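First the structure, in the form of structure tokens, and then the observations on it.
Right under this line is the structure:
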């Protein structure tokens, strides 16, 4: 990632260099859609194993194929799907399963808020589709693209998001199906449980480019470990906002010092 | 069906979790979308990904269920390698590769 020649105050994302920026602005919606799909491809090497794993785990927990697909099509949120299946197989009450799954997904309200300034003028129907397909990876790709190319048209933004959604969500569903269908053949000693942590860490590490980002991350991790004894998902809901505040405070301080 | 869960329970969970998750994702895009968000909110939101995902992952790295909830060298090393390579290379694929190679390679080397 090339450093921006003239960093703009208050903007953490490096602005795209002129050539990439011009290319992004010149894309037709169809080309932006394809661009979104292409940029999603690297994520498939983790989404597919993760979805396969979900199919296998859910099957072993006693779900049938229709229920596995129910999760992957109607919920479409990996971490909460694993949480729900885990709790269901522990015979937790349905209300606990639902609340835990929703708690794991609450972070998506923050994604929704973060994308809304860029997609405010989209139609209600378009917003509903975006909401349906707003997963960690489509969010990460879209927000990065929008911030690097702030002058994209609404159509270009929507088309890019649609490209990521199609390239990420359909393989998620297909690989869940495959996992539930042929899952029993996967050897038990392969450490597939670690696919999700590795994916998420690999997504985050390149974003740690300022002191404020590092502080936010470190505080959130420390908090999550400290609150790990709380019921599922609750520690996350406390730790993440504390980390966000820490990052924002460091950023505000750096800005004041930059101005002084 | 194993255990005490009925098909009905599982489908109820799937449908309610699906609707609830959709509403969470739709919240600010839909119902609250016409609102201009104040600067301090945007400043906080900038740190959403770098706080939520590491906080989600940290307990899974420290106390992996696959190891009975006890810390395990291969998983800790794999997480460290992923982060280190990700920070240095700024490349998601390289970071994942480093993590996977460490996870599967280390137990093999250590025997």
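Chains as they are written, first to last, in the working numbering: chain H, 644 to 903; chain S, 569 to 679.
Just so you know, even glycine gets a beta-carbon here, dropped at the ideal spot from N, CA and C.
Keep in mind it's a predicted model, so treat the numbers as computed, not measured.
Taking every protein chain shown into account, the CB of residue 779 of chain H has 16 or more other CB atoms within 10 angstroms, so this residue is buried. Within the same chain, Cβ atoms closer than 8 Å to the Cβ of residue 660 of chain S are found at 654, the five residues on either side in sequence being excluded.
At a cut-off of 8 Å between beta-carbon atoms, residue 669 of chain S makes no contact with chain H. Sequence-distant Cβ neighbours of residue 878 of chain H in its own chain, meaning closer than 6 Å and more than five residues away, are 867, 870 and 871. In its chain, beyond the 5 residues on either side, 802, 805 and 806 have a beta carbon closer than 6 Å to the beta carbon of residue 676 of chain H. If you compare the alpha carbons of H:782, H:721, H:668 and H:720 with that of residue 613 of chain S, the shortest gap goes to H:782. Nearest CB-CB separation between residue 645 of chain S and chain H: not below the 8 Å threshold. In the structure shown, the three-state DSSP call for residue 764 of chain H is coil. Distance from the CA of residue 770 of chain H to the CA of residue 594 of chain S, rounded to the nearest whole angstrom, comes to 7 Å. By the criterion of a C-beta distance shorter than 7 Å, residue 838 of chain H is surrounded in its chain by 689, 692, 693 and 696, once the five residues flanking it on both sides are discounted. Neighbourhood of residue 751 of chain H in chain S, by CB distance below 8 Å: 589, 592 and 593, in chain order. A distance below 8 Å separates the beta carbons of residue 880 of chain H and residue 749 of chain H. One thing to note: residue 712 of chain H has its Cβ within 8 Å of the Cβ of residue 819 of chain H. H:798 is the residue among H:798, H:856 and H:884 whose C-alpha sits nearest the C-alpha of residue 766 of chain H. For the segment 620-647 of chain S, the beta-carbon criterion of a distance under 8 Å to any beta-carbon of chain H is satisfied by 620, 621, 622, 623, 624, 625, 626, 627, 628, 629, 630, 631, 632, 633, 634, 642, 643, 646 and 647. Interface criterion not met: the Cβ of residue 789 of chain H is under 8 Å from no Cβ in chain S. Of the residues H:854, H:899, H:787 and H:836, the one whose Cα lies closest to the Cα of residue 683 of chain H is H:787. Taking the C-beta atoms as reference points, residue 843 of chain H is found nearer than 8 Å to residue 625 of chain S. Remark: fewer than three beta-carbon pairs, one from each stretch, lie closer than 8 Å, so the segment 572-583 of chain S and the segment 850-860 of chain H are not flagged as touching. Counting along the chain, the unbroken alpha helix (DSSP H) around residue 642 of chain S starts and ends at 641-657. Pairing residue 667 of chain S with residue 650 of chain S gives a Cβ-Cβ distance under 8 Å. Residue-level contact check: residue 754 of chain H touches chain S, since one or more beta carbons of chain S fall below 8 Å from its beta carbon. Contact check for residue 784 of chain H against residue 664 of chain H fails: the beta carbons are separated by 8 Å or more. Residue 627 of chain S: member of the alpha helix (DSSP H) spanning 616-630, first to last residue.
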